[in-house]
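Accompanying notes for the structure given below.
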Amino acid sequence: IGSAGYNAAGFGTQTAGVIAGGSGDRDYAATYDGSSWTAKNNLNTGRFYTAGTGTTTAGIVMGGVSPPGAVTANTETFDGTSWTEVGNLNTARRSQSGGGDSKDDALLWAGYISADTNIMEGWDGTSWSEIANLTTAGHELGSGVDSTGNTTAIAFGGNNRAALTEEWNISTSTVT
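Taking my numbering, the leading residue of the sequence shown gets 8, the next gets one more, and so forth.
Structure representation (structure tokens):
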């Protein structure tokens, strides 16, 4: 990868991915073409315990922890080369989960502030809005989002939620 670290954001596909941030070089960013990594311009705000989603030419990194250890609401989009600071999350957090189609359509949920949270936010390419929260708070959840308009998602496991699964759709969330 070029820079050792953990708790970085990652997104893309098997042959076209991005890594951003992480504990070692907190502002590091690189793209993957299926065989090798190429360093890219660094994040504007270095961080770890962050989340990201999108593609190698339309990605987004959300929240996390910035040095010297403050939880941040910073959001940045990626165009394949450079990072751009955009509208902050409504609620700063770390260890959150997220997903979405691109830098213009994303979801972010749960995480840790000073305790676990159940807050869910949606990004429309311009700003974040709080939407239907998860039923149970947690952080470090496994997750997935549909690939057509972010109308459904799933969150499972995580810290303090080990056996829980929540299915979410644009109007409701349910626990199973």
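We put the CB at the ideal spot given by N, CA and C, even for glycine.
Note that this is a predicted model, so its numbers are computed, not measured.
For SER150, is the classification buried or exposed, using 16 other Cβ atoms within 10 angstroms of its Cβ as the cut-off for buried? Burial of SER150 is indicated by the presence of at least 16 other C-beta atoms within 10 angstroms of its C-beta.
Residue of HIS146, LYS110, ASP40 and ALA46 minimising C-alpha distance to ASN14: HIS146
Taking the beta strand (DSSP E) that ALA117 falls in, what are its first and last residues? Segment: none, ALA117 is in no beta strand (DSSP E) and carries neither H nor E.
Rounded distance between the beta-carbons of SER134 and GLY94, thought under 8 Å: 5 Å
Output the distance between the C-alpha atoms of ASP32 and SER136, rounded to the nearest integer angstrom. 30 Å
Rounded Cβ spacing between LEU96 and LEU115 (contact assumed at less than 8 Å): 7 Å
N-terminal and C-terminal residue of the beta strand (DSSP E) that ALA27 is part of: 23–27
SER30 to ARG101, Cα distance in whole Å? 13 Å
Given that a residue counts as buried once 16 or more other Cβ atoms are within 10 Å of its Cβ, and exposed if not, what is GLU173? buried
Would you tell me roughly how many angstroms separate the C-alpha atoms of ILE126 and ASN167, rounded to the nearest one? Cα-Cα distance, rounded: 15 Å.
Who are the Cβ neighbours of PRO74 in its own chain at under 7 Å, not counting the five residues just before and after it? ARG33 and GLY53
For GLU147, the first and last residue of its enclosing beta strand (DSSP E): Note, GLU147: premise wrong, no beta strand (DSSP E); not H, not E.
Proximity of ASP41 and THR22 at Cβ, strictly below 8 Å: Correcting the residue identity first, residue 41 is Gly in this sequence and not Asp. Taking C-beta atoms as the reference points, GLY41 and THR22 count as a pair closer than 8 Å.
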